[in-house]
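Colleague: This is the structure I have questions about; it appears just below.
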Amino acid sequence: MAAAAAQVFSPASPRYSPASPCFSPVTPTFWIDEMELAPSARPPPRDKSKDYAEYKRRARAKHPKETRPLTLLRLPDELILRVFELLWNDYDEDCNVPPVEPLCINKRIHALIRPLWFRTLTVRDMPDQFMTWLLRHQSIHQYVQDMTIELDINSIHMHCLVTSHLHNLHTLRVDLSEYFAAIEDDEVPPAFIKLLSELPLLRHVDLGSASIDSNFAFFLLSDKAPPLQHITCFGEAIDNDVLAALEIRSLKLQSVPDNVVLPFLDLERLSLTSHHFNKDTYEKLLKSVKNETDRGEKPLKLRRLELDLHYKDPATGKQSSLDTFYDHLLWTLRKSPLYTLDITLREPFSTTFKGYALPSVRGLCLSVDVDLSLQNKDHLSVLGSFLRLFPNLTHLKLHKVRISLGFLRNTLTQYAKLDAADRALRYPHVATLLVFLQGTQVVDFCLASNADDEIRWTRRTAEGPFEMELWTCVKIL
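Structural data, given as structure tokens:
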């Protein structure tokens, strides 16, 4: 019987003996446990995510698909608000109630745009129906901040009662022309005065063609009145003592009063519009500005000045230029912190300005209701002398200014399509104006023919070149 072969035991076996003749001193590697190795000696685990990403990349390259369009709900909240803000601006202004269809998209859209949708309300046609709708929807009262209403003798009490529930109202514009025509009186109605006493957050009141009479002035100076900061009214019979006593920041007068004593010291913004600006008013206004400027008790705060003055020659009845007035006015305001100046002319400047620079002015808007052709060298030189009065000017806008004969809507578009050589050849006056502005501090220059079309030249620094942009307002039908 053949002898049995010697059995080979594992090193971990208790019967293992190193003296066994069949044992090899070299231990097989498959007996070594990988867990007994040091962590630094172990092989890294396989990254399956890279393999999956590579698989997806190859699959997309092999089978490309069209890019899925970005839906409205995938946009961030800021862009969604901007989209609906543009939609609201293009909405029909004759409709009183805002459209409710966008509020029914989903809860997210409803929560985002509801405060925007009812922030500004305008009452035009069917005011009674609108006020009834507003009274029933009390949940939106907290969102209304700006409101425009028309009051007549039949609906004034109802409208004032409903408006008094809008406790977060900041701006109120009211048209009292029909009310004054019915009662043949120009005093502010008591119902409207009571309405103002119930709006504690009201800051801006626009009375339109109504003036501040004695009763209304007494209310504004009482403790019941809200702390108004901006007032717009008809300034023909305004009480100057009331203006001086009111602590307002902005004043807009539709007509310059005959007895002109305006409180320039405490005002930050002043807007004057007059359709019968005569020589007496002109002299009194200059005297008022000079007296306020010469007072050394406290400095002026006037930062923005808007002037739209009409001056007719009593002999000929034609519009006359106000070069002398603006020359004296700018000299009077030379020490003020005036930052923005907005001037509307009925006749272009005809004389060259000599001096009296205003270094504080940074923004200038010059509007001309008549045709001011830049092709006229006299107009261009006078305009250049006027712009030299503002050595630190950075933003300039020329509104309703013609760059060619028959300045139509498409003239700016045709100008923008030309190259630099053709522009300099066809419109040398515009090139001359740009060369003049190149040596100034202006970084933003706008040339507009109307409210829709404008050409804007901008540059990053005062030493860099201008880059032209064409802005055209396209209305959605």
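So the sequence shown is numbered by my numbering: it starts at 768 and just counts up by one. Just so you know, even glycine gets a beta-carbon here, dropped at the ideal spot from N, CA and C.
1. Assuming contact is defined by CB atoms lying nearer than 8 Å, are A977 and F1001 in contact in what I supplied?
2. Taking DSSP as the reference, what is the three-state secondary structure of S1077?
3. Alpha carbon to alpha carbon, what distance is there between E945 and V1202?
4. From the DSSP output, in three-state form, read off E852 for me.
5. Could you tell me the alpha carbon to alpha carbon distance between T1161 and G1130, rounded to whole angstroms?
6. Is V1210 helix, strand or coil when you go by DSSP?
7. From the DSSP output, in three-state form, read off L742 for me.
8. Please look up how many angstroms separate the CB atoms of L1076 and L1034, rounded, as I've assumed it's under 8 Å.
9. Measuring only the C-alpha atoms, how far is A1124 from L1112?
10. Quick one, which of V1009, R886, H997, F986 has its alpha-carbon nearest S1017's?
11. Once the 5 residues before and after L995 are set aside, which same chain residues still bring their CB inside 8 Å of it?
12. Taking the C-alpha atoms as reference points, what is the distance between D1008 and V1056?
13. Which residues in the same chain as S964 place their Cβ atom closer than 6 Å to its Cβ, once the five residues preceding and following it in sequence are excluded?
14. Based on DSSP bridge pairs, tell me the residues matched to S1134.
15. Express the C-alpha separation of E1230 and I923 in angstroms, rounding to a whole number.
16. Taking its Cβ as the centre, do 16 or more other Cβ atoms sit within 10 Å of H1166, making it buried, or is it exposed?
17. Taking the straight line between their C-alpha atoms, what separation do you get for Y1093 and L1156?
18. Are the beta-carbon atoms of V941 and L966 separated by less than 8 Å?
19. Could you give the distance in angstroms between the alpha-carbon of C1240 and the alpha-carbon of A1011?
20. Which whole-angstrom value is the C-beta distance of G975 and L943, which I expect to be below 8 Å?
21. So within the stretch 925 to 958, which uninterrupted beta strand (DSSP E) runs reach at least 3 residues, ignoring any that extend past its ends?
22. Among residues of its own chain, excluding the 5 on either side of L1074, which ones have a beta-carbon nearer than 6 Å to its beta-carbon?
23. Starting from I880, follow the alpha helix (DSSP H) in both directions and report where the run begins and ends.
24. H937 and D913: beta carbons closer than 8 Å?
25. Out of D1189, H926, D844, L1089, state which residue places its alpha-carbon closest to the alpha-carbon of S1117.
26. On the premise that K1164 lies in contact with A1215, defined as a C-beta separation below 8 Å, what is that separation, rounded to the nearest angstrom?
27. Give the C-beta separation of V911 and L883 to the nearest angstrom, bearing in mind that I take them to be a contact with Cβ-Cβ under 8 Å.
28. Within this structure, are the beta carbons of R1223 and E1236 separated by less than 8 Å?
29. Can you give me the start and stop residues for the beta strand (DSSP E) that E1221 sits inside?
30. Checking the sheet assignment: what are the DSSP bridge partners for H971?
31. Can you give me the C-alpha to C-alpha distance between F823 and L854, rounded to a whole angstrom?
32. In terms of residue numbering, what span does the beta strand (DSSP E) encompassing L888 cover?
33. Based on Cα-Cα distance, which residue from I920, P957, H926 lies nearest to E951?
34. Within its chain, find whatever has a CB closer than 6 Å to the CB of L1020; leave out the 5 residues flanking it on each side and keep chain order.
35. If we count the other Cβ atoms within 10 Å of its Cβ and call it buried at 16 or more, is R813 buried or exposed?
Modeller: Looking at the coordinates:
1. On the sequence shown, position 210 is the one that residue 977 refers to. On the sequence shown, position 234 is the one that residue 1001 refers to. Yes, the Cβ-Cβ distance between A977 and F1001 is below 8 Å.
2. For this step, residue 1077 is matched to residue 310 along the sequence shown. Residue 1077 is actually His in this sequence, not Ser. Looking at H1077 - three-state DSSP - the assignment turns out to be strand.
3. Taking the first residue of the sequence shown as position 1, residue 1202 is located at position 435. Taking the first residue of the sequence shown as position 1, residue 945 is located at position 178. Taking the straight line joining both Cα atoms gives about 53 Å.
4. Translated into positions along the sequence shown, residue 852 becomes position 85. In the structure shown, E852 sits in a helix (DSSP, three-state: H, G or I).
5. If you number the sequence shown from 1, residue 1161 lands on position 394. If you number the sequence shown from 1, residue 1130 lands on position 363. Their Cα atoms are separated by approximately 6 Å.
6. Stepping through the sequence shown from its first residue, residue 1210 is reached at position 443. The answer is coil: DSSP assigns V1210 none of H, G, I, E or B.
7. Any answer about residue 742 is impossible in this case: the structure gives the chain only from 768 up to 1244.
8. In the sequence shown, residue 1076 corresponds to position 309, counting from 1. In the sequence shown, residue 1034 corresponds to position 267, counting from 1. Not a contact, Cβ separation roughly 18 Å.
9. Within the sequence shown, the letter at position 357 stands for residue 1124. Within the sequence shown, the letter at position 345 stands for residue 1112. Going by the C-alpha atoms only, they are around 20 Å apart.
10. As a first step, residue 1017 must be located in the sequence shown, where it is residue number 250. S1017 has its Cα closest to that of H997, out of V1009, R886, H997, F986.
11. Counted from its first residue, the sequence shown places residue 995 at position 228. Counting only Cβ-Cβ distances below 8 Å, and skipping sequence neighbours, we find L969, R970, H971, V972, L987, L1013, I1015.
12. Reading the sequence shown from its first residue, position 241 is the one you call residue 1008. Reading the sequence shown from its first residue, position 289 is the one you call residue 1056. Looking at the two C-alpha atoms, the distance is approximately 16 Å.
13. The residue you call residue 964 lines up with position 197 of the sequence shown. Excluding positions up to five away in sequence, the list reads K991.
14. Within the sequence shown, residue 1134 is the residue found at index 367, counting from 1. S1134 is bridged to T1111, H1166.
15. Numbered from 1 along the sequence shown, position 156 holds the residue referred to as residue 923. Numbered from 1 along the sequence shown, position 463 holds the residue referred to as residue 1230. C-alpha separation (whole angstroms): 59 Å.
16. Here the question's residue 1166 lines up with position 399 in the sequence shown. Per the 10 Å Cβ criterion, buried.
17. Working through the sequence shown from its first residue, we reach residue 1093 at position 326. Working through the sequence shown from its first residue, we reach residue 1156 at position 389. Rounded to whole angstroms, Y1093 to L1156 spans 11 Å at the Cα level.
18. Along the sequence shown, one-based indexing puts residue 941 at 174. Along the sequence shown, one-based indexing puts residue 966 at 199. No, the Cβ-Cβ distance between V941 and L966 is not below 8 Å.
19. Counted from its first residue, the sequence shown places residue 1240 at position 473. Counted from its first residue, the sequence shown places residue 1011 at position 244. At C1240 the pLDDT is 49, less than 50, meaning the model places this residue with poor confidence; the figure from the coordinates comes in the next sentence. Answer to the nearest angstrom: the Cα atoms are 42 Å apart.
20. As a position in the sequence shown, residue 975 is number 208, starting the count at 1. As a position in the sequence shown, residue 943 is number 176, starting the count at 1. Yes, they are in contact, since the Cβ atoms of G975 and L943 sit about 7 Å apart, within 8 Å.
21. 938 to 942
22. Along the sequence shown, read from residue 1 onward, the residue named residue 1074 stands at position 307. For L1074, where only same-chain residues beyond five positions count, the Cβ hits under 6 Å are L1039, I1110.
23. Along the sequence shown, one-based indexing puts residue 880 at 113. Where I880 is concerned, the enclosing alpha helix (DSSP H) stretches over 874 to 884.
24. Counted from its first residue, the sequence shown places residue 937 at position 170. Counted from its first residue, the sequence shown places residue 913 at position 146. Yes, they are a contact pair.
25. As a working note, residue 1117 is residue 350 in the sequence shown. Of D1189, H926, D844, L1089, the residue nearest in Cα terms is L1089.
26. Numbered from its first residue, the sequence shown carries residue 1215 at position 448. Numbered from its first residue, the sequence shown carries residue 1164 at position 397. So it is a contact: roughly 7 Å between Cβ atoms.
27. As a working note, residue 911 is residue 144 in the sequence shown. As a working note, residue 883 is residue 116 in the sequence shown. Going by Cβ atoms, the distance from V911 to L883 rounds to 12 Å, so no, they are not a contact pair.
28. Position 456 of the sequence shown, counting from 1, holds the residue named residue 1223. Position 469 of the sequence shown, counting from 1, holds the residue named residue 1236. Yes, the Cβ-Cβ distance between R1223 and E1236 is below 8 Å.
29. Locating residue 1221 in the sequence shown gives position 454, where the first residue counts as 1. Residues 1220 to 1225.
30. Locating residue 971 in the sequence shown gives position 204, where the first residue counts as 1. Looking at the DSSP assignment, H971 forms a beta bridge with T938, H997.
31. Counting from 1 along the sequence shown, the entry for residue 823 is found at position 56. Counting from 1 along the sequence shown, the entry for residue 854 is found at position 87. It should be noted that the sequence gives Lys, not Phe, for residue 823. Whole-angstrom Cα-Cα distance: 40 Å.
32. Sequence index remark: in the sequence shown, residue 888 carries index 121 (1-based). 887 to 889 is the extent of the beta strand (DSSP E) around L888.
33. Position 184 of the sequence shown, counted from the first residue, corresponds to residue 951. Comparing Cα positions, the closest option is I920.
34. By 1-based counting over the sequence shown, the position of residue 1020 is 253. Answer for L1020: G1002, L1039, listed in chain order.
35. Start at 1 with the first residue of the sequence shown, and residue 813 comes out as number 46. It is exposed - the Cβ of R813 has fewer than 16 other Cβ atoms within 10 Å.
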